[in-house]
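Student: The structure follows.
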Amino acid sequence: MISFGFLTIRKHQEHEYATEMAKRASLYGIEMYRFTPLSIDPLTEKVNGEKFSHELQSWVSCMFDIPTFIYDRCFYHSDSRSKRSKPIVQWMKKRPDLIFLGNGFSSKWELYENLRVHPILSPYTVKTWRITSVHDVIEALKSNKNIILKPETGSQGKGMYCLKQTKHSLEIESTSKDIQMIKSKAELKAWAEKHLCSQSYICQPLLPLKNKYGQPFDLRLFLQKDEHGQWKERGRGIRIGEKETFIANVSSGATIISFKEWMNQIPEPKQVLINDGIDTIVTLLPSYLDETLSPLFEIGLDIGITDEGAVWILDINSKPGRKIVLETSPHEAENLYHAPLRYCRFLSEGVEVR
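Per my numbering, residue 1312 is the first one in the sequence shown, and the count goes up by one each step.
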């Protein structure tokens, strides 16, 4: 049997997803486990986690070796558990006897550096700066009236800030909707030292990506590899954020409508332009990332679309959520449970499984 581990920061994270997957694991000759990085004994390297019992159709606590194949669903934040877990996962990824379904990205800056040199994808890439000091923020504001700061290793839209220049001050809004008015360089310096010292950030211009109601929106595409290691699109949907906010993440309260429904409101000539840009990105991007950074299993691709029909790559997430697929393409739900197992089976071919 192939040993397959579902790895999360906290116990029972994504419980329903892991359980539905585990119920189908025996169809592929797979024994499924779930565990956290902190459940690994550093001396014995044994794991105190859970194994799915096909007889009981439930999870059972047990000790086991670290599974050969690992589906990494760890999301890191600023809490102590995340900080202790991350180096353990990095250690696991360096072990030649362990195979991760996807290795993820080291940072958003690495992604940008990679995309901006691609002859076809670079025009779709938003100009990005690395922020390491308040001086970098000031220089970015000199070039752009409004900017967005994103944590270099962030996800789910957390920890982002929107900086807007008004006539007499600088307005800083967080994703938690807190707004602070800055009226001097000294105040900006104090704000930056407080908020930007704990992690690295990138900066991008605030693009005009709002609908006629003043709501921010973007297109999320969910891509996965199939049982042959080929990229497939599972679903796409438009995420619409709350009015007067600057992001459209589902975790921040965005609603979802189907891409087809949204496109039906767009004039046909502009539809052709938009579809051409999206098709170019979807065709080239996944395989390019595989070749130049690290092999991936799935991608959440966020695309911005302006009133003129210009298409921009806003973000790429190697650990995407599945809500877009479940709400816009519910017929794909079963595939979501099978896909990691099928890809694990694909990876196991030619590999000596212990």
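For every residue, glycine included, the Cβ atom is placed at its ideal position computed from N, Cα and C.
Within 10 Å of its beta-carbon, does L1338 have 16 or more other beta-carbons around it, so buried, or fewer, so exposed?
Tutor: exposed
Student: Could you check whether the region 1565-1578 touches the region 1541-1554, counting it as contact only if at least three pairs of C-beta atoms, one from each stretch, sit closer than 8 angstroms?
Tutor: Yes, the region 1565-1578 is in contact with the region 1541-1554.
Student: Is the beta carbon of S1364 closer than 7 angstroms to that of E1342?
Tutor: No; because the gap between Cβ atoms is not below 7 angstroms, this pair is not in contact.
Student: Rounded to whole angstroms, what's the CA-CA distance from D1489 to K1521? Just pull it up for me.
Tutor: 20 angstroms
Student: Tell me the DSSP bridge mates of D1376?
Tutor: K1357
Student: Closest to L1594 by CA distance: which of E1645, K1469 and Q1541 is it?
Tutor: The amino acid occupying residue 1594 in the given sequence is Thr; Leu does not appear at that position. For the residues E1645, K1469 and Q1541, the minimum Cα distance to T1594 belongs to Q1541.
Student: What is the residue span of the beta strand (DSSP E) that G1615 lies within?
Tutor: E1609 to I1616
Student: Assuming P1651 and M1374 make a contact with CB atoms under 8 angstroms, what is their CB distance in whole Å?
Tutor: Contact flag wrong, Cβ pair sits at about 24 angstroms.
Student: Mind checking whether I1592 and G1620 have CB atoms under 7 angstroms apart?
Tutor: no
Student: Could you name each continuous alpha helix (DSSP H) segment of 4 residues or more that falls completely within the region 1392-1438, going from the start of the chain to the end?
Tutor: For the region 1392-1438, whole alpha helix (DSSP H) runs of length 4 or above, ordered along the chain, are 1419-1426.
Student: Quick check for students: name the residue ranges of the beta strand (DSSP E) that lie wholly in the region 1536-1576, counting only runs of 3 or more.
Tutor: 1542-1551 and 1566-1569
Student: Beta-carbon within less than 8 angstroms of W1502's beta-carbon, same chain only, minus the 5 sequence neighbours each way: which residues are those?
Tutor: I1483, Q1491 and I1493
Student: Enumerate in chain order the residues of its own chain whose CB-to-CB distance from I1558 is below 7 angstroms, with the five nearest sequence positions on each side excluded.
Tutor: G1468, M1471, T1486, P1527 and G1552
Student: Inspect the CB distances between the region 1439-1448 and the region 1605-1621 and report whether three or more fall short of 8 angstroms.
Tutor: no
Student: By DSSP, does D1489 sit in helix, in strand, or in coil?
Tutor: coil
Student: Please state whether DSSP places I1320 in a helix, a strand or coil.
Tutor: coil
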